[in-house]
Amino acid sequence: MAVWNLPRPAAAVVLSTRRKRKAILAQVLIAALGLLLQGEAAAAVTLNCSNPNAESLLKALEMSVFQRKAIRPVVSLQSPTQVNVSFTLYAILGVDEKIQTMTTFIWQVLEWNMEIVEWDPVQCGTHNISIPSENIWVPDILINEFMDEDRSPKTPYLYLKHNGNVYYDIPVRVVSSCTMDIFNFPFDVQNCSLSFGSYLHTANDVRVSMGMTAEKTLQAAKALMKTKGEWELVNIEARGNFLNTTDFKYDEVVYQLIIRRRPKLYVMNLIIPSAFLMMIDLFSFLLPAQNVDRASFKMTLILGYTVFLLIMNDLLPSSAETPLISSYFAISLSLMVASVLETVAITNILYSSRQYPEVPPWVRKLVLHYMARVVCYSPRLTHWPNTSKKTVTLNRAVHEIKDPKEAGPQVKQAMLQLQKMSGDLQCIRQYLDSHFHKGENEEVWVEIGHILDRFLFGLYLFFLTVSAIIFIIIWATWHTATAD
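Per this note's numbering, the very first residue in the sequence shown carries number 40; after that it's consecutive.
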């Protein structure tokens, strides 16, 4: 039925419905055409430059590439973007053993391909152009061990080549976490890792690979490193790795930086001065204990060694793990304290032995016979004569008088004098016997003191030598192994 045969209101409704249908159909056709054009543009965009100069190329990029910076520049989102990561180590700024971090300065290079852009170098007049990095899509490659914000200078530009390859070189100040082993300080070697990977994109979207081999990275770092600080670069190792989480898998490249501490500063300021103080303490045993106050000298030496450790405490690393050099200082201080105690004991024997009791037979035999042979000491004891049998007694002469009554007054007087002299001589004999006995006992104790002094000196020298050899072997073995 024709529209004009209908009443006026009904005809108006039919015409309005047909117009709406045509408008909707037109919108659908326009949307489909736009999607088709967009798909063709995504498949391949060959930029057309009106003139072979940078202005025309930049204008072409603004019209077709810069508007797509929010998404990955691929033909199909099902295909991942390959990102090549490389870096050059420029400086090792420091290592903090207390918080387990390493600070380095690197030049990081990211390279990837934009599949949706290309141009003719002849038509556009250049093979590459530098553009602001904020105008195109940039992969979110970060170092997983980052512990602090990047305070390095910003570089806002990158290179875009005619075939779609992108070259992005940026300086990065890296404060990274590093598990450190300081047991062999100051001859320690640390192995710190830098893991480059995408923070958000999984392995299905962004694949990360090495842009330069580990050998070339090491050569470039050694050629460009300007700092000659406490740490030196020994080796660089690299490997690919997948970081698996509960729901996703991320691709990353792990670089192992093997660094070694330069020990010269600590050897000159810690080990050698400590060894000199130990040598002074060792040679102090040669001072005669009976003529020189050896204990005061050793106490002064311990005080100086303690002050030395307090001053040098800032050079020692602060960590939960105790380094081997701390054991070296503790043993050295313990040996000094033991030498002071030995000096006090020997001095007491040499100067206070008169009040000592008689030397037990087993001590006399052990020290004067066996220990003296071990330390090559020849006893020089003074053998005092026994005068008890040579004391003259006058009682016998008094008793030879058979009848005292027959004696006259002079004889009686003489007898009284003789009895008094006999008593005095008995007292003198007892005093001399006691004095000679104490003198002989004192000489024995003095000989024991000299033998013990020499024996303890040998024992001190033995422990000092063994400790030094053990420390030297451990440090030399570790240093040689890490150097290889």
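C-beta: ideal position from N, C-alpha, C; glycine also.
Identify, in the order they occur along the chain, each residue of the same chain with its Cβ nearer than 6 Å to the Cβ of residue i, setting aside the five sequence neighbours on each side.
i: PHE496; result: PHE324
i: VAL104; result: VAL156
i: THR162; result: For the record, residue 162 in the displayed sequence is Gln; it is not Thr. Within the same chain, GLN162 has close Cβ partners CYS88.
i: MET249; result: ALA277 and VAL292
i: GLN117; result: none
i: PHE510; result: TYR367
i: PRO225; result: ARG300, PRO302 and TYR305
i: LEU282; result: TYR289 and GLU291
i: LEU100; result: none
Quick check on the burial criterion: 16 or more other C-beta atoms within 10 angstroms. Buried or exposed for residue i?
i: MET318; result: exposed
i: MET307; result: exposed
i: ALA314; result: exposed
i: GLU291; result: buried
i: LYS337; result: buried
i: GLN229; result: buried
i: ASN223; result: buried
i: ILE170; result: buried
i: GLY279; result: exposed
i: CYS231; result: buried
i: ARG412; result: exposed
i: PRO112; result: buried
i: VAL379; result: buried
i: GLN258; result: exposed
i: LEU455; result: exposed
i: SER215; result: buried
i: THR285; result: exposed
i: LEU296; result: buried
i: CYS217; result: buried
i: GLN452; result: exposed
i: GLU94; result: exposed
i: GLN147; result: buried
i: ALA71; result: With a pLDDT of only 42 at ALA71, under the threshold of 50, the placement of this residue in the model should not be trusted, and no figure is reported.
For residue i, tell me which candidate among the options has the shortest Cα-Cα distance.
i: VAL383; options: ILE508, TYR196, ARG333 and ALA99; result: ARG333
i: SER234; options: VAL114, VAL406 and GLU184; result: GLU184
i: ILE508; options: PHE336, HIS408, TYR367 and SER391; result: TYR367
i: SER125; options: LEU272, TYR206 and LEU498; result: TYR206
i: TRP514; options: ILE364, LYS255, MET141 and LEU96; result: ILE364
i: LEU132; options: VAL346, PHE144 and GLN258; result: PHE144
i: SER506; options: VAL398, VAL406 and ALA369; result: ALA369
i: LYS98; options: ILE311, TRP146, LEU116 and TRP158; result: TRP158
i: ALA377; options: TYR499, GLU254 and LEU96; result: TYR499
i: GLN139; options: PRO119, ASP189 and MET219; result: MET219
i: GLY268; options: LYS303, VAL247, PHE281 and LEU282; result: LYS303
i: VAL198; options: ASP208, LYS404 and THR516; result: Here residue 198 turns out to be Tyr, not Val, going by the sequence shown. Among ASP208, LYS404 and THR516, the Cα nearest to that of TYR198 belongs to ASP208.
i: VAL14; options: TRP484, LEU316 and THR127; result: An answer regarding residue 14 cannot be provided, because it is not within the stretch 40 to 523 covered by the chain.
i: SER191; options: MET102, PRO210, HIS201 and ASN202; result: PRO210
So, helix, strand or coil for residue i, using DSSP?
i: ASP220; result: coil
i: ALA93; result: helix
i: THR165; result: coil
i: MET31; result: Past the boundaries of the shown model lies residue 31; the chain is included only from 40 to 523, so the question cannot be answered.
i: ASP320; result: helix
i: TRP270; result: strand
i: ALA328; result: coil
i: MET387; result: Residue 387 is actually Asn in this sequence, not Met. Of the three classes helix, strand and coil, the one that applies to ASN387 here is helix, per DSSP.
i: ALA277; result: strand
i: GLN295; result: strand
i: ARG107; result: helix
i: ALA359; result: coil
i: SER118; result: coil
i: TYR409; result: helix
i: PRO171; result: strand
i: VAL437; result: With a pLDDT of 49 at VAL437, under the threshold of 50, the modelled position of this residue cannot be trusted, and the question is left open.
i: ILE512; result: helix
i: VAL113; result: coil
i: SER125; result: strand
i: ASN352; result: helix
i: TYR499; result: helix
i: ASN425; result: Only weak support exists for where ASN425 lies, its pLDDT of 44 falling under 50; the value from the coordinates is given anyway. Reduced to three states, the DSSP call for ASN425 is coil.
Whose C-beta lies closer than 8 Å to the C-beta of residue i among residues of the same chain, with five residues either side of it excluded?
i: ILE221; result: GLU136, ASP227, PRO356, SER358, GLU360 and PRO362
i: THR252; result: ALA277
i: ASN90; result: GLY164
i: PRO195; result: PRO171, SER172 and GLU173
i: ILE512; result: none
i: PRO178; result: THR120, VAL122, LEU149, TRP151, SER237, HIS240 and VAL245
i: THR266; result: ALA130, ILE131 and LEU132
Return the chain-ordered list of same chain residues with a C-beta closer than 7 Å to the C-beta of residue i, the five sequence neighbours on each side being excluded.
i: LEU354; result: TYR305, ASN308 and LEU309
i: GLU79; result: With a pLDDT of 41 at GLU79, under the threshold of 50, the predicted position of this residue should be treated as unreliable, and no value is reported.
Verify the contact flag: residue i, CB atom, against every heavy atom of the ligand GTP, threshold strictly below 8 Å.
i: LEU491; result: Summarising the ligand content, the structure contains no ligands, and the ligand GTP is consequently not present.
Legend entry - alpha helix (DSSP H) runs wholly inside the region 195–266, at least 4 long, in chain order: DSSP assignment within the region 195–266 yields the following whole alpha helix (DSSP H) runs of 4 residues or more, N-terminal first: 253–263.
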